[in-house]
Amino acid sequence: MATAAARRICRPRQLSTPITAPRSYSPSTARAPVAATASSAKRASGNTKFVYNVAASYIAKGRPYDPMTHVFHFNPYNRVQPPKPGRSKSSRPESGQDAFFVSRLGTNPNEVALGVADGVGGWMDSGVDPADFSHAFCDYMAQKAFEYRPKTGESAKTTALTARQLMHEGYSAVCHDPSIKAGGSTAIVALLGEGGNAEVANLGDSGFILLRLNGVHAYSEPQTHAFNTPYQLSVVPPSMLLRAAAFGGAQLMDQPRDAEVTQLQLRHGDVLVFASDGLWDNLFNQDILRIVSRTMSMAGAWASTESGIQVVPDLSEYTKPQEIDSSDTGDGGAKTKKKVVTLQSMVAMEIVNAAKAASVNSKLNGPFAKEVSKYYPLESWQGGKEDDICAVVVVVSEEAAPGPVKAKL
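According to UniProt numbering, the sequence shown is numbered sequentially starting from 1.
#1: For A44, count neighbouring Cβ atoms within 10 angstroms of its own Cβ and tell me buried if that reaches 16, exposed if not.
#2: Could you tell me which residues DSSP puts in a beta bridge with E199?
#3: Where do the ends of the beta strand (DSSP E) carrying D98 lie?
#4: Which of the three DSSP states is assigned to R290 in this structure?
#5: State the beta-bridge partners of W381 as determined by DSSP.
#6: In angstroms, rounded to a whole number, what distance separates the CA positions of T3 and T342?
#7: Classify M141 as buried or exposed, calling it buried when 16 or more other Cβ atoms lie within 10 Å of its own Cβ.
#8: Rounding to the nearest angstrom, what Cα-Cα distance links V120 and A198 in this structure?
#9: Is L211 closer than 9 Å to Y148 when the C-beta atoms are compared?
#10: Let me confirm a value: V261 is counted as buried when at least 16 other C-beta atoms fall within 10 Å, else exposed. Which label applies?
#11: Under 8 Å by Cβ, that's how I've got residue 476 and I389 pegged, so tell me the actual separation to the nearest angstrom.
#12: Return the chain-ordered list of same chain residues with a C-beta closer than 8 Å to the C-beta of E398, the five sequence neighbours on each side being excluded.
#13: Determine the extent of the alpha helix (DSSP H) in which A357 is found, giving its start and end residues.
#14: Starting from the C-beta of M68, find all residues in its chain whose C-beta is less than 7 Å away, skip the five residues before and the five after it, and write them out in chain order.
#15: What number of angstroms, rounded off, separates the C-alpha of L252 from the C-alpha of T305?
#16: From L161 to A182, what does the alpha carbon distance come to, in whole angstroms?
#17: In terms of alpha-carbon separation, which member of P256, P178, Y375, A299 lies closest to S345?
#18: Is it buried or exposed for G127, if we count other Cβ within 10 angstroms and need 16 for buried?
#19: Please determine, among G96, Y77, A56, F133, the residue with the shortest C-alpha to C-alpha distance to L114.
#20: Determine, using beta carbons only, whether Q143 and A173 come nearer to each other than 9 Å.
#21: Can you give me the Cβ contacts of G62 inside the same chain, cut-off strictly under 6 Å, excluding the 5 residues immediately before and after it?
#22: Quick check on the DSSP output: what are the complete beta strand (DSSP E) runs of length 3 or more inside the stretch 206-239, in order along the chain?
#23: Quick one: give me the first and last residue of the beta strand (DSSP E) that H268 is part of.
#24: Measuring straight from C-alpha to C-alpha, what distance separates S234 and N214?
#25: State whether the stretch 165-179 contacts the stretch 69-80, with contact taken as three or more CB pairs (one from each stretch) at a distance under 8 Å.
#26: What do you reckon, are the CB atoms on A226 and N202 nearer than 9 Å?
#27: For C10, count neighbouring Cβ atoms within 10 angstroms of its own Cβ and tell me buried if that reaches 16, exposed if not.
#28: Is the beta carbon of R87 closer than 9 Å to that of D129?
#29: Counting along the chain, where does the beta strand (DSSP E) carrying H73 start and finish?
#30: Does DSSP classify L315 as helix, strand or coil?
#31: Exposed or buried, T152, counting other C-beta atoms within 10 Å across all chains shown (16 or more means buried)?
#32: Just how far apart, CA to CA, sit P377 and K370?
#33: State buried or exposed for I324, treating a residue as buried only when at least 16 other CB atoms are found within 10 Å of its CB.
#34: Pull up the DSSP beta-bridge partners for T186, would you.
#35: Exposed or buried, what is S24 when buried is set at 16 or more other beta-carbons lying within 10 Å of its beta-carbon?
#36: Can you tell me whether DSSP reads F50 as helix, strand or coil?
As structure tokens, this is what we get:
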């Protein structure tokens, strides 16, 4: 029989705050704080622009992972469909309680908004499906980003959309959605500008990592109230609030303003990974770096030279969709189907595949096992932590913009 501490460890993430020490990660574990802004050696000028090549991969807890099926390819020219109350669950990706979105920002196909939300599993104890909150939350943020139109005039700088504001607008929409009675999720939201500037707002224990030329350049720190109790946005029914007021206990109702904001300046060849804790609990930063470096190098996007790792000048040949043959063993026997792959989808699939394997490995201890031993040294947690896993990958490329057209005299 498991001890009380072991049951607390195995239980889904908490809704109320237990009296334990807050969780923190050291640089030697999964992630650590980032305060610095990365300055680019090659700043975007009037004749250059940044292009964000985005793909996502995901898999629900307890489900077999098929890299060629559990993948999303972002096309900035596709229209974002507005969310509908009572939306069908069958239309969701097979990501479990994890959800994600990617949308162009307004009418500019070279500016992108994206995010990952991880539904808090503790709501299942109250008969609530956490996936309803997280998926609706991402749907609303995608809609808000797609419909965004920047203000013009003197006040443009003060009214520009921020990552924290987009998180707030999505959360507000969920709170006013009559089909969402209760629930909660963590959130990480990013806005990627055409000039190579990126703003990331992170609330909870999802997170990001920025990889540059075979090195870890920046990474986020999880926000937690206590062990396995992340910051979270919540919709709490009035009856639950009254019960908490009468009998004690606090409901976690963090706000978008509590999100930690990081500013980044991106470079050609950078790789950004945004993911739920299903990734960070099972892979260390160095694991992710090895996977990304191997994939980028094998594809030819990162090349080893006498002066070190370099990015090839033109990444478009690697990031554009390509068809490959994929075997499908269905009822009619083995069949060959055409599947689309890109450099960014290959990176996403490799990361999720490794995290999935680590999560079910009972012998190799990952970041979560180290956290357990830190806070519960008498407990024996071996191996990975099974969970939903979702990763959104961005491969950054800098391209020359078309110059002004000169009239012939």
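C-beta atoms are modelled at their ideal positions from N, C-alpha and C, and glycine is treated no differently.
Reading from the atomic positions:
#1: Bear in mind that the predicted position of A44 carries a pLDDT of just 43, short of 50, making it too unreliable to give a figure here.
#2: Note: E199 sits in a beta bridge opposite L191, Q263.
#3: Boundaries of the beta strand (DSSP E) around D98: 98-105.
#4: R290: helix per DSSP, three-state reduction.
#5: In the DSSP output, where bridge partners are listed per residue, W381 has none listed.
#6: Below a pLDDT of 50, predicted positions are generally treated as unreliable, and T3, at 40, falls in that range; the measurement from the model is reported next regardless. In a straight line, the C-alpha of T3 is about 47 Å away from that of T342.
#7: Buried, because 16 or more other Cβ atoms sit within 10 Å of the Cβ of M141.
#8: Cα to Cα, V120 sits roughly 27 Å from A198.
#9: Y148 places its beta carbon 9 Å or farther from that of L211.
#10: Exposed: under 16 other Cβ atoms inside 10 Å.
#11: Residue 476 cannot be examined here, being either before or after the span of the chain that is shown, 1 to 409.
#12: Same-chain partners within the cutoff: K42, A44, T48, K49, F50, V51, G196, R267, H268.
#13: First-last of the alpha helix (DSSP H) with A357: 343-359.
#14: Within the same chain, M68 has close Cβ partners S326, K339.
#15: L252 and T305: Cα-Cα distance of roughly 51 Å.
#16: Roughly 27 Å separates the two Cα atoms.
#17: It is A299 whose Cα lies nearest to the Cα of S345.
#18: Note on G127: under 16 other CB atoms within 10 angstroms of its CB, so exposed under the neighbour-count rule.
#19: Looking at G96, Y77, A56, F133, the one whose alpha-carbon comes closest to that of L114 is A56.
#20: The answer is yes: Cβ separation under 9 Å.
#21: Cβ neighbours of G62 within its own chain (closer than 6 Å, five residues either side excluded): none.
#22: As far as the stretch 206-239 is concerned, its whole beta strand (DSSP E) runs of at least 3 residues are 207-212, 215-219, 224-226, 233-235.
#23: Element bounds for H268: n/a, residue is neither H nor E.
#24: If I take the Cα positions, the gap works out to 38 Å.
#25: Flag = no, the stretch 165-179 and the stretch 69-80 do not touch.
#26: In terms of Cβ geometry, A226 and N202 do not form a close pair [threshold 9 Å].
#27: Confidence in C10 is poor, its pLDDT being 44 and thus under 50, which makes the residue's placement too unreliable to answer from.
#28: Taking a C-beta distance under 9 Å as the contact criterion, D129 and R87 do not qualify as a contact pair.
#29: H73: member of the beta strand (DSSP E) spanning 71-73, first to last residue.
#30: Residue state, collapsed to three classes: coil.
#31: Answer is exposed; the Cβ neighbour count stays below 16.
#32: In a straight line, the C-alpha of P377 is about 10 Å away from that of K370.
#33: With fewer than 16 Cβ atoms within 10 Å of its Cβ, I324 is classed as exposed.
#34: DSSP, once it has assigned bridges, lists no residue as partnering T186.
#35: Residue placement at S24 is poorly supported in this model, since its pLDDT is 32, which falls under 50; the coordinates still yield a value, given next. When all chains shown are included, S24 counts as exposed.
#36: Strand, per DSSP.
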